[in-house]
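Numbering of the sequence shown is given in my numbering, commencing with residue 475 and proceeding in unit increments.
No residue lacks a Cβ here, since even glycine has one placed at the ideal position from N, Cα and C.
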Amino acid sequence: MFVGEILSLSVAVMWTATALFAETGSKRMGSLPFNLTRMGLSLVLLALTLWLTMGMPWPRYADRATWMWMLASSMVGYVVGDYCLMKGYILIGSRFGQLFMTLSAPAAAITGRILLGERMQPLAIIGMVVTLSGICLSILSRKEPADPPLNPDKTGATDASDSTFTRFSLVLPAKGIFFAVMAGICQGIGLVLSKNGLLHYDQALTSCGFDSQATPSGALIPIPFYLSMPFAATLIRAMLGFAGFLLLLMLTHRDWKSQIRHAVSDRKAMWCAWGSTLFGPFAGVSLSLLATQYTAAGIAQTLFALTPILIIAPSVWLFHQRVTPREVAGAAISVAGVCLFFI
475 MFVGEILSLS VAVMWTATAL FAETGSKRMG SLPFNLTRMG LSLVLLALTL
525 WLTMGMPWPR YADRATWMWM LASSMVGYVV GDYCLMKGYI LIGSRFGQLF
575 MTLSAPAAAI TGRILLGERM QPLAIIGMVV TLSGICLSIL SRKEPADPPL
625 NPDKTGATDA SDSTFTRFSL VLPAKGIFFA VMAGICQGIG LVLSKNGLLH
675 YDQALTSCGF DSQATPSGAL IPIPFYLSMP FAATLIRAML GFAGFLLLLM
725 LTHRDWKSQI RHAVSDRKAM WCAWGSTLFG PFAGVSLSLL ATQYTAAGIA
775 QTLFALTPIL IIAPSVWLFH QRVTPREVAG AAISVAGVCL FFI
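Below is the structure:
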């Protein structure tokens, strides 16, 4: 009972850890080398996991439809989404980056409604407004109006036409906000695409005469197919993710080979890459796909969205960041809005 919800909450804790590792690592390596390193490490871990649980380091019995949906999910969620997320971490930090990830819940719900026919309640619009309000509360600061200018037509008189308007300014760079918004939307869409891919994977097993509850032959660690399927699906996503990041690095950096050498020679950055990989593309993403098998994509994404609150304390402790009551309230309101979205 509540297996999907428990898994989703575990994913939120893992993504808190991977965000902290990723902020440090991406600032040392750069977003593309760090993402490429993460994808490479995750390929090794996932292939080893499949070899132990499925008997081969390959997505066993996955058909063309499964591959297509997972590749689409990888393009949206990994190549575009993770690239934007790491850029956002560099520009605005992981704490604010995770705040914008609350946008993934509305994106997942809307995409789930379109692709999977999942029900979306009327409170969804209210939840979206509340979520956006929480984000705005965190990233906007009130700007005191300047002294009104003198009116040249009347000596000593002032023009107060602009003084009645309250001005707001961004506390974060606009470029960082753009990347963070894109990351949140892409993660939500990518999750639903992955869930659809898993549905096709289950159908492929059935067409081959297997049941998802069955145990693969030749596996060193015999567990049912349905437990190893998310790791197989994540391996497909990681393959295109690795290829996509490598291509982007080659197109944007003439010295891409030296970029890779520099990245892998940085011991601290590599530890961060390992930590980010274990809690992110390996365990976190795989368990997020498993969670969607036990609960609706929107509910899973709602619990994933607790990360902006969970990350506040470690950000203060590790990075000595100053957190204002406005920012804490904004994070709480954003998460509350996500919850409203799926009531």
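Please classify I807: is it buried, with 16 or more other beta-carbons within 10 angstroms of its beta-carbon, or exposed?
Numbered from 1 along the sequence shown, position 333 holds the residue referred to as residue 807. When all chains shown are included, I807 counts as buried.
Which complete alpha helix (DSSP H) runs does the region 532-596 hold, if anything under 4 residues is left out?
Those alpha helix (DSSP H) runs which fall completely within the region 532-596 and span 4+ residues are 538-547, 557-574, 578-590.
Which residues bound the alpha helix (DSSP H) around C682?
In the sequence shown, the residue the question calls residue 682 occupies position 208. Looking at the DSSP string, C682 is not in any alpha helix (DSSP H), and its letter there is neither H nor E.
Give the DSSP-derived three-state secondary structure of S739 in the structure shown.
Here residue 739 is taken as the residue at index 265 of the sequence shown, counted from 1. DSSP places S739 in helix when its eight states are reduced to three.
In angstroms, rounded to a whole number, what distance separates the CA positions of L814 and M594?
Stepping through the sequence shown from its first residue, residue 814 is reached at position 340. Stepping through the sequence shown from its first residue, residue 594 is reached at position 120. In a straight line, the C-alpha of L814 is about 11 Å away from that of M594.
Buried or exposed for S739, please, with buried defined as at least 16 other CB atoms from any protein chain shown within 10 angstroms of its CB.
Counted from its first residue, the sequence shown places residue 739 at position 265. Exposed, because fewer than 16 other Cβ atoms sit within 10 Å of the Cβ of S739.
Can you list, in chain order, the residues of its chain with a C-beta nearer than 6 Å to that of Y768? Leave out the 5 residues immediately preceding and following it.
Residue mapping note: residue 768 aligns to position 294 of the sequence shown, counting from 1. Counting only Cβ-Cβ distances below 6 Å, and skipping sequence neighbours, we find V477, G478.
Only counting the same chain, and skipping five residues up and downstream in sequence, which positions put a Cβ closer than 8 Å to that of V553?
Your numbering for residue 553 matches position 79 in the sequence shown. Once the five neighbours on either side are set aside, the close Cβ partners of V553 are L714, G715, G718, F719, L722.
Find out if the Cβ-Cβ distance for the pair P647, L565 is shorter than 7 Å.
Here residue 647 refers to the residue found at position 173 when the sequence shown is read from its first residue. Here residue 565 refers to the residue found at position 91 when the sequence shown is read from its first residue. In this structure, L565 lies closer than 7 Å to P647 by Cβ.
Between A774 and T766, which are expected to be in contact by the criterion C-beta below 8 Å, what is the C-beta distance as a whole number of angstroms?
Walking along the sequence shown from the start, residue 774 turns up at place 300. Walking along the sequence shown from the start, residue 766 turns up at place 292. Contact flag correct, Cβ pair sits at about 5 Å.
Which partner residues of L614 appear in the DSSP bridge assignment?
Working through the sequence shown from its first residue, we reach residue 614 at position 140. Paired residues: L644.
Should S681 go down as buried or exposed, given a rule of 16 or more other Cβ atoms within 10 Å for buried?
As a position in the sequence shown, residue 681 is number 207, starting the count at 1. Exposed is the call here.
If we call anything under 7 Å between Cβ atoms a contact, is G650 one with G551?
As a position in the sequence shown, residue 650 is number 176, starting the count at 1. As a position in the sequence shown, residue 551 is number 77, starting the count at 1. No, the pair does not count as a contact, with Cβ atoms beyond the cut-off.
When the Cα atoms are used, what is the spatial distance from D556 to S568?
As a working note, residue 556 is residue 82 in the sequence shown. As a working note, residue 568 is residue 94 in the sequence shown. The straight-line gap from Cα to Cα measures roughly 12 Å.
Quick check on I599: buried or exposed, where buried means 16 or more other Cβ atoms within 10 Å of its Cβ?
If you number the sequence shown from 1, residue 599 lands on position 125. I599 comes out exposed.
Here's a check: name, in chain order, each residue in its chain whose Cβ is nearer than 7 Å to the Cβ of V604, leaving out the five neighbours to either side.
Within the sequence shown, numbered from 1, the residue matching residue 604 stands at position 130. Here the set comprises I807, A810, G811, L814.
Per DSSP, what kind of secondary structure is V518 in: helix, strand or coil?
Counting from 1 along the sequence shown, the entry for residue 518 is found at position 44. Helix.
Return helix, strand or coil for L673, following the three-state DSSP convention.
By one-based count along the sequence shown, residue 673 stands at place 199. Three-state DSSP puts L673 in a helix.
Quick one: what's got a C-beta closer than 8 Å to P788's C-beta in the same chain, skipping five residues either side?
Translated into the one-based positions of the sequence shown, residue 788 becomes position 314. Cβ within range, chain order: T490, L494.
Does M530 come out as helix, strand or coil in the three-state DSSP assignment?
The count along the sequence shown starts at 1 and reaches residue 530 at position 56. M530 falls in the coil class under three-state DSSP.
Within 8 Å, do at least three Cβ pairs link the region 582-592 to the region 518-536?
They do not touch, by the three-pair rule.
Please state whether DSSP places L780 in a helix, a strand or coil.
The residue you call residue 780 lines up with position 306 of the sequence shown. If DSSP states are grouped into helix, strand and coil, L780 belongs with coil.
Can you give the beta carbon distance from S615 to V655, rounded, assuming they're within the 8 Å contact cut?
Counted from its first residue, the sequence shown places residue 615 at position 141. Counted from its first residue, the sequence shown places residue 655 at position 181. S615 to V655, Cβ: 19 Å. No contact.
State yes or no: is the C-beta of A707 within less than 7 Å of the C-beta of M544?
To locate residue 707, count along the sequence shown from 1; it is residue 233. To locate residue 544, count along the sequence shown from 1; it is residue 70. Yes, the pair counts as a contact, with Cβ atoms nearer than the cut-off.
Between the C-alpha atoms of A582 and Q677, what's the straight-line distance to the nearest angstrom?
Taking the first residue of the sequence shown as position 1, residue 582 is located at position 108. Taking the first residue of the sequence shown as position 1, residue 677 is located at position 203. Answer to the nearest angstrom: the Cα atoms are 22 Å apart.
Measure the Cβ-Cβ separation of L709 and L481 and say whether it is below 7 Å.
Position 235 of the sequence shown, counted from the first residue, corresponds to residue 709. Position 7 of the sequence shown, counted from the first residue, corresponds to residue 481. No, these two residues do not count as a Cβ contact at 7 Å.
Can you tell me the Cα-Cα spacing of M503 and A546, whole angstroms?
Residue 503 sits at position 29 when you count from the first residue of the sequence shown. Residue 546 sits at position 72 when you count from the first residue of the sequence shown. About 27 Å.
Quick check on Y700: does DSSP put it in helix, strand or coil?
For the purposes of this step, residue 700 is taken as residue 226 along the sequence shown, with counting starting at 1. Three-state DSSP puts Y700 in a helix.
To the nearest angstrom, how far is it from the Cα of I697 to the Cα of Q661?
If you number the sequence shown from 1, residue 697 lands on position 223. If you number the sequence shown from 1, residue 661 lands on position 187. Rounded to the nearest angstrom, the two C-alpha atoms are 29 Å apart.
Using the rule of at least 16 other Cβ atoms within 10 Å of the residue's Cβ for burial, across every protein chain shown, is F639 buried or exposed?
For this step, residue 639 is matched to residue 165 along the sequence shown. Summary for F639: the model assigns pLDDT 48, below 50, so the residue's position carries little reliability; its value from the coordinates is reported in the next sentence. That one is exposed.
So, helix, strand or coil for L814, using DSSP?
Along the sequence shown, one-based indexing puts residue 814 at 340. Here L814 sits in helix by DSSP.
Could you tell me the distance, in whole angstroms, from the CA atom of Y700 to the CA atom of M488?
In the sequence shown, counting from the first residue as 1, residue 700 sits at position 226. In the sequence shown, counting from the first residue as 1, residue 488 sits at position 14. Approximately 21 Å, taken between the alpha carbons.
Starting from A787 and walking both ways along the alpha helix (DSSP H), at which residues does that stretch end?
The residue you call residue 787 lines up with position 313 of the sequence shown. Here the alpha helix (DSSP H) through A787 covers 786-793.
For G692, which three-state DSSP category applies?
In the sequence shown, the residue the question calls residue 692 occupies position 218. Coil at G692, not helix or strand.
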